[in-house]
Amino acid sequence: MSEQEDREAILDLHRTWWEANHQLIIPEMQSVFPSGDAYLMFNLNGHPYFGIDEKTKLWEHYQKELDIVEYPDIEIMRLTISGDMAWLACEGIFPLRSIGASGTGSETWRLETDEAQQVDQFHLRATEVYQRDDGDGNPVWKMWHFHCSPMPPTDESRPGLGGTQDERGVGGGPGITPLRVTHSGKRK
């Protein structure tokens, strides 16, 4: 594969992953990750999940607890590809609401629902690690690790440096032009 083909394959996996999050579409989610137990996720709820079977059980659980009411608005800050490995850093807004008794089920991931809309515009950031290996040894790009965490309040100044997310914009930073590939699948 050429560097451009590698980039397109990784961006397609990224898009599929985030679009699958809208309404928690399990078959689309599963297509992004390697087979077996090698995949590792540090979920927004603060807990680790090992392999695609655990990830599927998590999504089955969240289908009863959370409604991701719109496509997440995710902006890519960096994508670096080196041989058969790649990493991507992004941040964005994850619009969701609790529909079950346990909601997120986590003390570290608390929703601050707008009572008028019943939707939380949750701000998050994530790192995605890709490897050209489908889990069965075939040279196919898959996401092998995902780490997600909440962002600070949008008007909070960065300690030691200043500047807020409100000032730089979601996905923005020094020398960064954010890239969005989610929603319709078309790059914006």
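Residue 157 in numbering that gives the first Met the number 0 sits at position 158 of the sequence shown, with consecutive numbering throughout. Quick reminder that beta carbons are idealized off the backbone N, C-alpha and C, glycines included. From a predicted model like this one, the values you see are computed outputs, not experimental measurements.
Each of 48, 20 and 25 was checked against the Cα of residue 69, and the nearest Cα belongs to 20. DSSP places residue 122 within a strand segment (E or B) once states are collapsed to three. By the criterion of at least three beta-carbon pairs nearer than 8 Å, the region 81-92 is in contact with the region 117-136. The shortest C-alpha to C-alpha distance from residue 165 to any of 145, 91 and 64 is the one to 91.
Collapsing the DSSP output to three states places residue 12 in a helix. Taking the C-beta atoms as reference points, residue 110 is found no nearer than 7 Å to residue 101. In the structure shown, residue 72 falls within a strand segment according to DSSP collapsed to helix, strand and coil. Going by C-alpha positions, residue 65 is about 19 Å away from residue 47.
Pairing residue 38 with residue 157, the inter-Cα distance amounts to about 32 Å. Counting C-beta pairs closer than 8 Å gives fewer than three between the region 24-38 and the region 160-174, which falls short of the contact rule.
Beyond the five residues adjoining it in sequence on each side, residue 107 comes within less than 6 Å, by CB distance, of 45 in the same chain, given in chain order. For residue 61, the enclosing alpha helix (DSSP H) stretches over residues 50-64. Within 10 angstroms of the beta-carbon of residue 119 lie 16 or more other beta-carbons, which makes it buried. Under DSSP, the beta-bridge partners assigned to residue 94 are 120. The three-state reading of DSSP puts residue 37 in coil, since its state is none of H, G, I, E or B.
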